[in-house]
Amino acid sequence: MRELKELAETYHLRKYWSDLKLKFKAEGNELSDKIGQLKMKAHDGKMRMTDAMGAEQLFRLV
5 MRELKELAET YHLRKYWSDL KLKFKAEGNE LSDKIGQLKM KAHDGKMRMT
55 DAMGAEQLFR LV
């Protein structure tokens, strides 16, 4: 839960998320294997690869 609070309070969300995914992988957390990437429209209108996961993985993250 502490990690989610830190995520909400940090201004470097992209870096935090990247570090958190590396931590998952280093710990052998299976959640890291279930994070995929999908092309989604960004604020600038371009399609960019974006991390995505299903509802079950989101609940496990929380």
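Per this note's numbering, the very first residue in the sequence shown carries number 5; after that it's consecutive.
Ideal placement from N, C-alpha and C gives every residue a C-beta, glycine not left out.
Item                                                                                           : Value
Lys43 - DSSP class collapsed to helix/strand/coil                                              : strand
Assigned secondary structure, Asp55 (DSSP; H/G/I helix, E/B strand, else coil)                 : strand
Inter-residue Cα distance where the pair is Ile39 and Phe63                                    : 13 Å
Cβ-based neighbour list, Lys29, same chain, cut-off 8 Å, excluding 5 preceding and 5 following : Ser36
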